[in-house]
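Colleague: Below you will find the structure I want to go over with you.
Residue numbers (this note's numbering): 9 to 956.
Next up, the structure:
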């Protein structure tokens, strides 16, 4: 965390500063040299800090010195960022307005800049002195004793989990894994690798041991071996491969193992390969990492005996790569509610206990190791009670962070610390940041990434874009099962997620202890003890009173997120002068007056509001750095033209029209057209606007050259209007790209309020030879009698279309036909029509790249069966899903308990094709139980030559 904070500082703040200094500070070269020097000082001290903290150890070995050093460095980083941000504001902020008054303001502003330079120079010199002193203090402390243990205690970093006796909730997974030990009838007998993957402490070892010792396995496999790869670090001593080989050899042929020298790896490989070549064997390797498997896999040749290798890992990509050749990836899920209660509450049930333990079990998130730890803790008392559970729930974070007199959380703490320490410093920061959201809150991936970008936590020295870095960080957390996928697109791309319950609790308290996050909630009602140095403030339910908010210094707060009532705290937003993220989307007591001074938040990069807000203040044009403006949950219908001319605005959400007075103001329209025609707009997402007889956004959209995603609500059309022509031209210009362009376009058209022939009347002109029409995602909502002419039938007009969605509330006839040869690269087809009857004339078999089909959950049962059968008959076996139209995961608000309950239901069967676009491969589908306690999702990889 401490290194990540320093790194984020270097890349976000210092980088921007030096760009400005190139233009401004020829007038004050001395200050420029000072800032260049402090950049180098911070870089060197951050590197020294990494070395020092590595020597001081990880996790529980880290000493008080390391903690104090971390806190001091974090405070220095905060102070440095505050200083640099104020310099940036003074240099780049320009007074608004025109005429003589503006001239006076500009002159006064320049005078203040000159006067402030000497003050900033003094601050920078003081920061340099503090950085130097901090470094000298820690360098003078001897650390050899701590360092000596680092390289030899990998078992602490990668804990070896105990195998539970009589485990709860594993009966069905054991049966299903045992079934994978046999070949499906008609399949050739061959070696298969089964990878069991899931978060640490989920029970992978217990499951593997139960399968290994099952009588059926013992009877079928006379040659068996069990080894633990997690005892050796992949970075030291050859990754422990020689030790794994010796352990295997000792179990399958003890006599040979005695005659082999310990470091003779080649000899052991040869003996194992020779012995196993004519055996049917079962080998379990627990805690495998990719580096180890790459050296071991060549030993296990396919001898046609239906041998099995069972691996356990916490990394998704490792599981997929190990099992990518005729293997299986077995995704182990968390326990259900009833199994969780049985473990944690030791079978005791009472209304008082049920009520008092609800929040505690929610934090455990169905993780068996967390539930066992809670159970052990509760056993210290005579009998578990609701009051004791509630107290443990409030203090659970502290138990996860540090030992106590009767430490029942040691194993769980090691697992969590191992997951945390295995991340890069950048990924650590992004994980800690998720603590601003309530536990188990469904989060949209794009919202998470946009907030990371706004905070500057997705930076790198590589040539990749910030968006790519953020996406890579997100995928890394998904890969390690730290973030759990809730909803996916095209079978592979995560749309909605949440942080694993117990990991969220661990990260939140780690963030709070470091002053990274302060939260005001039921479990943490008084954040004032640590809020003075906090970076991110999260308020749940109005717990921060006016007296608390007014007594503490929140001027350093970089983000404010409110869920439920904000109470008195909302009136103190103007104190957060360095605020970058203001998320009031779920603030239930927000009023227009609260945004009156929002234009003074010059650094604001992300703004999301909701509640009863009906109008944006005129000061919106002062948000110079704003990149995201989300108005979807407000009552705002019109947008001031000034908002469109914000230089950095990239994402605009709402159901908006351009202010009527602005449209009639020739001076403003001339100004905005000059702004857009000069390619100064950075707007990439416009989702969306209402298009009616007035051109408004349609006219402006044609000149927005960076648009990638557009949503349009089509308003009623008067007779004789040029509206259809304007709409066609706007869509055509949006979708037209250079021939060599790889930029994806997404378009959504809602015509529910229009006549049935509106979309049918839209048409395109022929595309110039050096251009093409390119749309990757198309959503059509309204009355559809036929596909609009711009959607391909037999023509090749959108050859790259990947996702097509129809939303029709009242279906009076068949859906538009998709003829053979059209949409050759379609991977996702969504038919969200409650009145859908049968296949409605749509044949999907010729859609060669199809991966998923989604229909509305309200369709008749026969229609559901027809579509399920159609997906089974498709060569790709695309995933078949039901969409519940009244559940919107992406916009869950407080109090939506019913929607949350729907989301908690497990997916019964998930069968995914390989990640590439070679969809000719066959897939073998396993039907799982519909039991709500089922803990299994299945991904099956088979070879392209396998027949169904």
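Ideal Cβ positions, reconstructed from N, Cα and C, are used throughout, including at glycine.
Restricting to Cα atoms, I'd like to know which of 754, 217, 206, 881 is closest to residue 343.
Modeller: 206
Colleague: Look up residue 453 in the DSSP assignment and give the residues it is bridged to.
Modeller: Looking at the DSSP assignment, residue 453 forms no beta bridge with any residue, so it has no partner.
Colleague: With DSSP collapsed to three states, give me the class of residue 544.
Modeller: It is a strand residue.
Colleague: What number of angstroms, rounded off, separates the C-alpha of residue 589 from the C-alpha of residue 691?
Modeller: 18 Å
Colleague: Can you look up residue 356 in the DSSP assignment and give me helix, strand or coil?
Modeller: coil
Colleague: Between which two residues does the alpha helix (DSSP H) holding residue 399 run?
Modeller: 394-409
Colleague: If you run the structure through DSSP and keep just helix, strand and coil, what is residue 479?
Modeller: helix
Colleague: Measure the Cβ-Cβ separation of residue 6 and residue 296 and say whether it is below 9 Å.
Modeller: Since the first residue shown for the chain is 9 and the last is 956, residue 6 is missing from the structure and cannot be characterised.
Colleague: Taking 8 Å as the threshold, find out whether the stretch 395-406 comes into contact with the stretch 437-444 through three or more Cβ pairs.
Modeller: no
Colleague: So residue 503 is in the alpha helix (DSSP H); what residue range does that whole segment cover?
Modeller: Looking at the DSSP string, residue 503 is not in any alpha helix (DSSP H); the run it does join, the beta strand (DSSP E), is 501-507.
Colleague: Using the C-alpha atoms, what's the distance from residue 736 back to residue 831?
Modeller: 21 Å
Colleague: Using 8 Å as the Cβ pair cut-off and three pairs as the minimum, do the stretch 506-519 and the stretch 440-456 touch?
Modeller: yes
Colleague: Terminal residues of the continuous alpha helix (DSSP H) containing residue 259?
Modeller: 249-260
Colleague: On the DSSP letters alone, give me the boundaries of the beta strand (DSSP E) that residue 697 sits inside.
Modeller: First-last of the beta strand (DSSP E) with residue 697: 693-699.
Colleague: Can you pull the DSSP bridge partners for residue 611?
Modeller: The partner list for residue 611 (beta bridge, DSSP) is empty, contrary to what the question assumes.
Colleague: Tell me which residue opens and which closes the alpha helix (DSSP H) that residue 389 is part of.
Modeller: That residue, residue 389, is in no alpha helix (DSSP H); it is neither H nor E in DSSP.
Colleague: Assuming the contact rule is C-beta atoms closer than 8 Å, residue 771 and residue 746 should be a hit. Round their C-beta distance to whole Å, please.
Modeller: No, residue 771 and residue 746 are not in contact; Cβ-Cβ is about 22 Å, not under 8 Å.
Colleague: Could you give the distance in angstroms between the alpha-carbon of residue 839 and the alpha-carbon of residue 478?
Modeller: 32 Å
Colleague: Could you pull the start and end residues of the alpha helix (DSSP H) that residue 220 belongs to?
Modeller: In this chain, the alpha helix (DSSP H) harbouring residue 220 covers 212-220.
Colleague: Any idea if residue 853 is buried or exposed, counting beta-carbon neighbours within 10 angstroms, 16 or more meaning buried?
Modeller: Burial check for residue 853: the Cβ neighbour count within 10 Å stays below 16, so the residue is exposed.
Colleague: Quick one: grab the DSSP three-state call for residue 336.
Modeller: Residue 336: strand per DSSP, three-state reduction.
Colleague: Within its chain, find whatever has a CB closer than 6 Å to the CB of residue 825; leave out the 5 residues flanking it on each side and keep chain order.
Modeller: 849
Colleague: Which term fits residue 655, buried or exposed, when burial requires 16 or more other beta carbons within 10 angstroms of its beta carbon?
Modeller: exposed
Colleague: Closest to residue 785 by CA distance: which of 583, 756, 622 is it?
Modeller: 756
Colleague: For the putative contact between residue 715 and residue 694, defined by C-beta atoms under 8 Å, what is the C-beta separation to the nearest angstrom?
Modeller: 6 Å
Colleague: Out of 812, 707, 298, 351, which one is the CA nearest neighbour of residue 387?
Modeller: 351
Colleague: Taking the alpha-carbon positions, what's the residue 236 to residue 362 distance?
Modeller: 39 Å
Colleague: Grab me the residues of residue 111's own chain with a C-beta within less than 8 Å of its C-beta, minus the 5 sequence neighbours each way, in chain order.
Modeller: Model confidence at residue 111 stands at a pLDDT of 43, short of 50, so the residue's coordinates are unreliable and nothing is read from them.
Colleague: For residue 594 and residue 208, what's the separation of their Cα atoms in angstroms?
Modeller: If you take the alpha carbons of residue 594 and residue 208, they lie about 33 Å apart.
Colleague: Is there contact here, the stretch 372-387 with the stretch 474-489, by at least three beta-carbon pairs under 8 Å?
Modeller: no
Colleague: Among 84, 178, 145, 666, whose alpha-carbon lies nearest the alpha-carbon of residue 133?
Modeller: 84
Colleague: Could you check the C-alpha separation between residue 734 and residue 707 for me, to the nearest Å?
Modeller: 8 Å
Colleague: Inspect the beta-carbon positions of residue 473 and residue 330 and report whether they are closer than 9 Å.
Modeller: no
Colleague: Once the 5 residues before and after residue 277 are set aside, which same chain residues still bring their CB inside 7 Å of it?
Modeller: 253, 307
Colleague: Helix, strand or coil for residue 825? Go by DSSP, reduced to three states.
Modeller: coil
Colleague: With H, G and I counted as helix, E and B as strand and the rest as coil, what does DSSP make of residue 230?
Modeller: coil
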